[in-house]
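Engineer: Got a structure for you, questions after.
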Amino acid sequence: MFVLLPEVLVWCIGLWTDDDAALVLLAATCRRLRQVVAADQKLWRVRFQRRFPLHDDYELRWFRMHFQVRRIASGHLRHSLQLPGLPAERLPRWFDWFDAFCHRLATQFRWRRADYAAYLPAPVKAGQPPGTRLQSIGGLHDFRKRSVVVSQRVIDPSQRPKWQTERPRWHGINRRRYDVDDVQMSANYLLVTLSPKGKRIVDKMLCVWHLDALSKPPHCVSSNFCGRVAVFDGWLLLKNQLPAPMAPLHNVRLYDLARRHFCPGGLECLVGDTHIQRLGPSRIDLLHTKVETSGDHARIVWRQWDFPTMDTAAIRCLSHSSIDMPGGLPQYFSTRRVDDHRALLARNSTGLSMRRIHRDLCTLAMLTADATEYGEASASMGITWKITVLFENLRCIVAQNIICLQTQHFIVLLRLSTGVRLTDIPIISLGKWFSPKTSRLFTILQRPFIFPGFIYDFFDKERLRVVDLMQVERRWHAHNTRMQISALLKYSPNAALVAHDETLMILDFSRY
């Protein structure tokens, strides 16, 4: 029946209807209707960005991988996505937005139904692995004794991509003299922080590998680092603590991983929280937050710095604002980037131990900046909303406009734009919410729900069990037996890295 529909009628249906699933079903009936439905690429670009906005880091990561697959399959190897905020209008004409929309919906459906293909990644014995890397999932196996990176590569465009495990090469570094403090990954780089055995405060070593060259020796950024480091896309944010007579100071510097050099200048500021807020073609915005206590009140002061990446520009402060918090709150706050123009101000509780007994009331505040261009002289930032809530961990889902807060007994869902409380989900019934038959939680979040401190049994498809990791550890210490369960280590928008019976496995939810 659909084959006999006039093309003009099908074009009008695709232009005016908002039922995307019906259009996808209509296009699947025959090849001619598929061409008619997918003809208006501008319309499908708008629909894709409306449902899967690219300012969400999770959606951008999936889009990069899909673009790589289509680029290799079509033979257009000269096109690549370099900037995280590349406008969709600059994409090549051969890119099919309707195809991307269908694949993204299919990936969501497979996550919801636990429809995956399990693979044992083949180890790379020596040398540079062949093919083009699509994505990498980093995992530290055996309690950080062995660094493992699982990558998906296209070796033959006519075949499916293959999963391989690689271990970074420690040529020139005596691993027996160092302990692994931290491991971070971005889309293209692996950062490992080492400290001498018995000395975890000073003389830290920062080793960086490109994920396409793990077989080569690491690049040592610094060998006497003391402070914190964070990797964001192709940049390192280093906060080196300096000795001061009155109060400790931090020297904030930026390091370009692609060109392997520090950006000119640096910031010397009091102890506070600093993160990269926005990346531009020649400038980077840093958001620095500190706490000032006065009597029974705490004042949160933030400054937004415009940090140049070129030698000709100078560092300037875009905005300087402050807010007063009620008394009785702790002084340890941190800011977390939501997107280019928003950040969450909250207590730094995500880095604390899950075993702590005291859980204090914390204040969440949404900081929103004006959508200014990089050439303007100033920018303003203010508070959109502020609430007081009890939580241990939080996750921001920008695409669905939701904040997930983990408390001791509940998962609390908040509206990201307004801070309104949506619903409370008991953790004891979380497995039912994640069941493939009901999928109530997945229907709300439209992505995997993963928090630290929980492990997920992906091999029970009737009910994906959620087990508290603390209960597993207590049972193991009491009976000296481990549960036979698949512990989730890392995940990407279309795959999950699990450890099943001390073996690394990949659960692939894509069909490339």
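Note that the sequence shown covers residues -21 to -1, 1 to 491 in mature numbering (1 follows the signal peptide of the UniProt record, and there is no 0).
A virtual CB, placed ideally from N, CA and C, is assigned to each residue, including glycine.
1) Going by the CB atoms, is the gap between Ala325 and Leu343 shorter than 8 Å?
2) So, does the stretch 41 to 57 touch the stretch 75 to 83, judging by three or more C-beta pairs under 8 Å?
3) Could you pull out every unbroken beta strand (DSSP E) segment of at least 3 residues lying fully inside the stretch 255 to 285, listed in chain order?
4) Could you check what DSSP says for Thr482 in three-state terms: helix, strand or coil?
5) Figure out for me which residue from Leu233, Pro175, Phe312 and Asp303 has the closest Cα to the Cα of Phe286.
6) When you compare only the Cα positions, how much space is there between Arg238 and Trp364?
7) Just to confirm the assignment: which complete alpha helix (DSSP H) runs, minimum length 4, are found wholly within the stretch 68 to 154?
8) What are the partner residues of Ala475, as DSSP defines its beta bridges?
9) For the stretch 123 to 137 and the stretch 154 to 169, state whether three or more C-beta atom pairs, one from each stretch, are separated by less than 8 Å.
10) Can you look up Leu2 in the DSSP assignment and give me helix, strand or coil?
11) Identify whether Val159 lies in helix, strand or coil by the three-state DSSP scheme.
12) Considering just the uninterrupted stretch of the beta strand (DSSP E) at Ser313, what are its terminal residues?
13) Could you spell out the range, first to last residue, of the beta strand (DSSP E) harbouring Asp235?
14) How many angstroms separate the CA atom of Ile294 from the CA atom of Trp284?
15) With which residues is Asn372 paired in a DSSP beta bridge?
16) Nearest to Arg148 by CA position, among Ser194, Val231 and Leu373, is which residue?
17) Helix, strand or coil for Gln379, going by three-state DSSP, please let me know.
18) Mind checking whether Ala474 and Leu486 have CB atoms under 8 Å apart?
19) Does Phe31 come out as helix, strand or coil in the three-state DSSP assignment?
20) List the endpoints of the continuous alpha helix (DSSP H) containing Val15.
21) Tell me, please, which residues DSSP counts as bridged to Ala348.
22) Roughly how many whole angstroms lie between the Cα atoms of Met289 and Pro260?
23) When you compare each of Asn372, Ile376, Gly398 and Val377 to Thr386 by their alpha carbons, which one comes out closest?
24) Which residues in the same chain have their Cβ closer than 6 Å to the Cβ of Phe241, if we skip the five residues on either side of it in sequence?
Structural biologist: Let me lay it out:
1) Position 364 of the sequence shown, counting from 1, holds the residue named residue 343. Position 346 of the sequence shown, counting from 1, holds the residue named residue 325. Closer than 8 Å, so yes.
2) yes
3) 262 to 273
4) In the sequence shown, the residue the question calls residue 482 occupies position 503. Strand.
5) What you label residue 286 is simply residue 307 of the sequence shown in a count that begins at 1. It is Leu233.
6) One-based indexing of the sequence shown puts residue 238 at position 259. One-based indexing of the sequence shown puts residue 364 at position 385. Between Arg238 and Trp364, the C-alpha separation is close to 40 Å.
7) 76 to 92
8) Against the sequence shown, residue 475 aligns to sequence position 496. In DSSP, Ala475 forms a bridge with Tyr470 and Leu486.
9) yes
10) As a working note, residue 2 is residue 23 in the sequence shown. Residue state, collapsed to three classes: helix.
11) As a working note, residue 159 is residue 180 in the sequence shown. Strand.
12) Residue mapping note: residue 313 aligns to position 334 of the sequence shown, counting from 1. Element bounds for Ser313: Phe312 to Asp318.
13) As a first step, residue 235 is located in the sequence shown; it is residue number 256 there, counting from the start. It spans Leu228 to Asp235 - the beta strand (DSSP E) in which Asp235 sits, taken as one unbroken run.
14) As a position in the sequence shown, residue 294 is number 315, starting the count at 1. As a position in the sequence shown, residue 284 is number 305, starting the count at 1. If I take the Cα positions, the gap works out to 7 Å.
15) Within the sequence shown, numbered from 1, the residue matching residue 372 stands at position 393. In DSSP, Asn372 forms a bridge with Gln385.
16) The residue labelled residue 148 in the question sits at position 169 within the sequence shown. The shortest C-alpha separation from Arg148 is found at Ser194.
17) Within the sequence shown, residue 379 is the residue found at index 400, counting from 1. Coil at Gln379, not helix or strand.
18) As a first step, residue 474 must be located in the sequence shown, where it is residue number 495. As a first step, residue 486 must be located in the sequence shown, where it is residue number 507. Yes, the Cβ-Cβ distance between Ala474 and Leu486 is below 8 Å.
19) Here the question's residue 31 lines up with position 52 in the sequence shown. Phe31: coil per DSSP, three-state reduction.
20) Taking the first residue of the sequence shown as position 1, residue 15 is located at position 36. Taken as a continuous stretch (DSSP letters only), the alpha helix (DSSP H) holding Val15 covers Arg10 to Val16.
21) The residue you call residue 348 lines up with position 369 of the sequence shown. Ala348 pairs with Met360.
22) For the purposes of this step, residue 289 is identified with residue 310 of the sequence shown, where counting begins at 1. For the purposes of this step, residue 260 is identified with residue 281 of the sequence shown, where counting begins at 1. Roughly 10 Å between the two C-alpha positions.
23) Stepping through the sequence shown from its first residue, residue 386 is reached at position 407. When each option's Cα is compared against that of Thr386, the closest is Asn372.
24) One-based indexing of the sequence shown puts residue 241 at position 262. If we look at Phe241 and ignore the five residues flanking it on each side, its Cβ neighbours are Arg232 and Tyr234.
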